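Residue numbers (my numbering), protein chains in the order written: chain A, 1 to 492; chain B, 1 to 189.
Quick reminder that beta carbons are idealized off the backbone N, C-alpha and C, glycines included.
Predicted model, so just to flag it, every value in this text is computed and none were measured.
Worksheet: one structure, shown below.
Here you go:
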């Protein structure tokens, strides 16, 4: 009899359990992606230099990451910027590094939302990969997190374009109150946003600023509006058709818009070893991705075998991704210390670019916050993992430069825009030419100055002393209305 | 008086105890349950232990997951409770009640205890649901999709895994998108 009693009890309890499980309401939810371990420290970098190996050894010798670390969640502005994460191979065996989750997003708002949630949330992020202008614009919202740029993963190479009416970027502007620029400003309508970006707007502001038009004088006009037709300048992303002629793009200004990795101060303080290991793996992933662009584009487009975070949306087609991957110039570990940290001494470093971008964004009203002091750039990761920069010989010591004369403008060169200096500070002008020479790696510069050829040669010599090769400098006899004028010319 | 009646009664009864009960021609045992009924009872008992054990195991693992993400710690602690608690209850119960029943009774107690815990966990979904969902997230991240589905099911969630989402067509209208549109004048779709 007792066996019947227990049988009935068990049967009733089983049915109750099944009933409870089957009749409850099931809500939909995005499951997080499978996490793939980062294989950075298992000697994964093919052909890694001894310096790189040493850097990895330093990571090993440092404080090792705790076992069962939470995954490092990485959000990227655009799917193409997640290519490195897709190219990182899964760790063979137990890796001492943390694992990585990728969250490619297509809007800056989504990036900010993920960073605000933090890495502990499956829909949050620890690290963001985005262009420097986007970081500057989002800094104000994320100030409480104390975000820091700690790695340069690449430079924009043709993603942003400046269009202008013929000759508009080469002559002195009219003394008007405001200058119209077709670009996406802070208050741009939602439908206008796909035609521009923060980087494109900053590129446009940069060109106008060089011409002598302060960003505060610029009035943004939304692309696609009737006002846009009469504006003399446009700063848009590649692919957006514009009636004005293309003046130049970030393919010319190949060192002007860096793509940086950003993390909060708290992350860098608490998980520095993990971030170091991730940085090495990510840079390795960039070179791996460059070797298999079709494969990576296909995997990203199909979202196949990717360690994706929860809440990731749809991906663009492989063809689009291949095009966009070609618009990024990847950085290597060896180039990091020439851009970040105390060893970065050139005219174009992450510090100088951040300062300049901030000045333009503030003046143009993209951000209301002034650049913080010190700048939100953290060199501790790079200084631990990257080898020191190779000593580049200074221009005066360059072979062939001794006693060089500044010649005429190379035949067939195309003027991109002009830099006009209104105040009479030769040292400042020379420093600016050095900055332009660093940002426009393949450009040559035709210097004209008040006082004629002699004054122009004096300025060119000062620029040469700042490290600009003499072969990239030419002088003109014509006297500009301003103190000095420098035409930036693209070689044919 | 027959010859059989002359045999000592004690011996006869003791031999009857020692011999295993054999079903009669109608299929009934000495306890009264038919063989098919015994089979049903055995299956029910197995289902109870399996169902209750699984839900309790996952529930306890998710509970331990509050403290640690380590799979082995979660699994071993939960397994210890899933086996240890019913075993302890069986031991106390059999000692105090003198009911007997052997292994079948132990299995019944296992099933009842585990089902009881499972029902309690599923009923109190306001507290257990987040635990089950987080447990499902852990399995999903580790690549154990079947276990993730089980945990999500217990948590009342229908999961969508990243590769199950449909990919959008081209450019997603983003800041990084490359639209084909006129920046001035009318916008081309």
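Give the DSSP-derived three-state secondary structure of residue 15/A in the structure shown.
-> In the first chain, counting from the first residue as 1, residue 15/A sits at position 15. The answer is helix: DSSP assigns residue 15/A an H, G or I state.
Would you call the region 339 to 357 of chain A and the region 251 to 264 of chain A in contact, with 3 or more CB pairs under 8 Å?
-> yes
Per DSSP, residue 160/B is paired with what?
-> Taking the second chain and counting its residues from 1, one reaches residue 160/B at position 160. In DSSP, residue 160/B forms a bridge with 30/A.
Comparing alpha-carbon positions, which option in 492/A, 485/A, 186/A lies nearest residue 170/A?
-> Numbered from 1 along the first chain, position 170 holds the residue referred to as residue 170/A. Sorting 492/A, 485/A, 186/A by C-alpha distance to the C-alpha of residue 170/A places 485/A at the top.
Under the three-state reduction of DSSP, which class applies to residue 417/A: helix, strand or coil?
-> Here residue 417/A corresponds to residue number 417 of the first chain, with the count starting at 1. Correct three-state label for residue 417/A: strand.
Inter-residue Cα distance where the pair is residue 231/A and residue 337/A | Here residue 231/A refers to the residue found at position 231 when the first chain is read from its first residue. Here residue 337/A refers to the residue found at position 337 when the first chain is read from its first residue. Rounded to the nearest angstrom, the two C-alpha atoms are 41 Å apart.
Terminal residues of the beta strand (DSSP E) in which residue 76/A lies = Taking the first chain and counting its residues from 1, the one referred to as residue 76/A is at position 76. It spans 72 to 77 - the beta strand (DSSP E) in which residue 76/A sits, taken as one unbroken run.
Quick one: which chain B residues come within Cβ less than 7 Å of residue 269/A?
-> Position 269 of the first chain holds residue 269/A. None at all; the shortest Cβ gap to chain B is about 22 Å.
What is the rounded straight-line gap between the Cα of residue 410/A and the Cα of residue 479/A?
-> Within the first chain, the letter at position 410 stands for residue 410/A. Within the first chain, the letter at position 479 stands for residue 479/A. Residue 410/A and residue 479/A: Cα-Cα distance of roughly 20 Å.
Tell me, please, whether the CB atom of residue 7/A is closer than 7 Å to any CB atom in chain B?
-> The count along the first chain starts at 1 and reaches residue 7/A at position 7. Yes, contact with chain B.
Inter-residue spacing [alpha-carbon to alpha-carbon] between residue 217/A and residue 62/B = For the purposes of this step, residue 217/A is taken as residue 217 along the first chain, with counting starting at 1. For the purposes of this step, residue 62/B is taken as residue 62 along the second chain, with counting starting at 1. Distance between the alpha carbons of residue 217/A and residue 62/B is about 60 Å.
Going straight from the alpha carbon of residue 487/A to that of residue 207/A, what length do you get?
-> Within the first chain, residue 487/A is the residue found at index 487, counting from 1. Within the first chain, residue 207/A is the residue found at index 207, counting from 1. Residue 487/A and residue 207/A: Cα-Cα distance of roughly 12 Å.
Show which residues of chain E have a CB atom less than 8 Å away from the CB atom of residue 148/B.
-> Absent here is chain E; the protein component of the structure consists of chains A and B.
Can the beta-carbon of residue 83/A be found less than 7 Å from the beta-carbon of residue 296/A?
-> Counting from one through the first chain, the residue named residue 83/A turns up at place 83. Counting from one through the first chain, the residue named residue 296/A turns up at place 296. Taking 7 Å as the Cβ cut-off, residue 83/A and residue 296/A qualify as a contacting pair.
In three-state terms, what does DSSP make of residue 284/A?
-> Counting from one through the first chain, the residue named residue 284/A turns up at place 284. Three-state DSSP puts residue 284/A in a helix.
Look up residue 401/A in the DSSP assignment and say whether it is helix, strand or coil.
-> If you number the first chain from 1, residue 401/A lands on position 401. Unreliable positioning characterises residue 401/A in this predicted model, as indicated by a pLDDT of 44, which lies under 50. A coordinate reading is not provided.
Verify whether the separation of the beta carbon atoms of residue 112/B and residue 9/A is less than 7 Å.
-> What you label residue 112/B is simply residue 112 of the second chain in a count that begins at 1. What you label residue 9/A is simply residue 9 of the first chain in a count that begins at 1. A contact, by the Cβ cut-off of 7 Å.
Output the distance between the C-alpha atoms of residue 173/A and residue 129/A, rounded to the nearest integer angstrom.
-> Your numbering for residue 173/A matches position 173 in the first chain. Your numbering for residue 129/A matches position 129 in the first chain. Their Cα atoms are separated by approximately 37 Å.
What number of angstroms, rounded off, separates the C-alpha of residue 134/A from the C-alpha of residue 157/B?
-> Sequence index remark: in the first chain, residue 134/A carries index 134 (1-based). Sequence index remark: in the second chain, residue 157/B carries index 157 (1-based). C-alpha separation (whole angstroms): 36 Å.
Determine which residues of the region 12 to 25 of chain A have a Cβ less than 8 Å from any Cβ of chain B, and write them out in chain order.
-> 13, 14, 16, 17, 18, 20, 21, 24, 25
Any 3 or more C-beta pairs closer than 8 Å across the region 156 to 169 of chain A and the region 233 to 251 of chain A | yes
Residue 366/A: which of 139/A, 17/A, 241/A, 100/A sits nearest, CA to CA?
-> Stepping through the first chain from its first residue, residue 366/A is reached at position 366. Ranking 139/A, 17/A, 241/A, 100/A by Cα distance to residue 366/A puts 139/A first.
Does the region 356 to 364 of chain A come close enough to the region 313 to 330 of chain A to have 3 or more Cβ pairs within less than 8 Å?
-> no
Cβ contact check for the region 408 to 427 of chain A and the region 177 to 185 of chain A: 3 or more pairs under 8 Å = No, because fewer than three Cβ pairs between the region 408 to 427 of chain A and the region 177 to 185 of chain A fall closer than 8 Å, the two stretches do not touch.
Just tell me which of 137/A, 157/A, 347/A has its CA closest to the CA of residue 431/A.
-> If you number the first chain from 1, residue 431/A lands on position 431. It is 347/A whose Cα lies nearest to the Cα of residue 431/A.
Excluding five sequence neighbours on each side, which residues of the same chain lie with their C-beta closer than 6 Å to the C-beta of residue 312/A?
-> Your numbering for residue 312/A matches position 312 in the first chain. For residue 312/A, where only same-chain residues beyond five positions count, the Cβ hits under 6 Å are 103.
Roughly how many angstroms separate the alpha carbons of residue 246/A and residue 266/A, rounded to a whole number?
-> Position 246 of the first chain, counted from the first residue, corresponds to residue 246/A. Position 266 of the first chain, counted from the first residue, corresponds to residue 266/A. For residue 246/A and residue 266/A, the distance between alpha carbons rounds to 43 Å.
Assuming residue 456/A contacts residue 448/A under a Cβ cut-off of 8 Å, what Cβ separation, rounded to an integer in Å, is found between them?
-> Counted from its first residue, the first chain places residue 456/A at position 456. Counted from its first residue, the first chain places residue 448/A at position 448. Confirmed, about 5 Å.
Decide if residue 414/A is buried, meaning its Cβ has at least 16 other Cβ atoms within 10 Å, or exposed.
-> One-based indexing of the first chain puts residue 414/A at position 414. The residue is exposed, with fewer than 16 neighbouring Cβ atoms inside 10 Å.
Residue 152/B, buried or exposed, once every other Cβ within 10 Å from all chains shown has been counted against 16 | As a first step, residue 152/B is located in the second chain; it is residue number 152 there, counting from the start. By the neighbour-count rule (16 or more Cβ atoms within 10 Å), residue 152/B is buried.
Inspect the beta-carbon positions of residue 23/A and residue 157/A and report whether they are closer than 7 Å.
-> Stepping through the first chain from its first residue, residue 23/A is reached at position 23. Stepping through the first chain from its first residue, residue 157/A is reached at position 157. Going by C-beta atoms, residue 23/A is not nearer than 7 Å to residue 157/A.
Counting only beta-carbon atoms, is residue 90/B nearer than 7 Å to chain A?
-> Within the second chain, residue 90/B is the residue found at index 90, counting from 1. Cβ-Cβ to chain A under 7 Å: no for residue 90/B.
For residue 108/B, I'd like the list of residues in its chain whose CB is within less than 7 Å of its CB, leaving aside the five on either flank, ordered along the chain.
-> As a position in the second chain, residue 108/B is number 108, starting the count at 1. For residue 108/B, where only same-chain residues beyond five positions count, the Cβ hits under 7 Å are 45.
Please compile the residues from chain A whose C-beta is within a distance smaller than 7 Å of the C-beta of residue 161/B.
-> Residue numbering aside, residue 161/B sits at position 161 when the second chain is read from its first letter. In chain order: 31.
Under 7 Å between beta-carbons, which chain A residues line up against residue 41/B? List them in chain order, please.
-> As a working mapping, residue 41/B is identified with position 41 in the second chain. Listed along chain A are 3, 7, each with a C-beta nearer than 7 Å to that of residue 41/B.
May I ask you to report which of helix, strand or coil DSSP gives residue 197/A?
-> Stepping through the first chain from its first residue, residue 197/A is reached at position 197. Coil.
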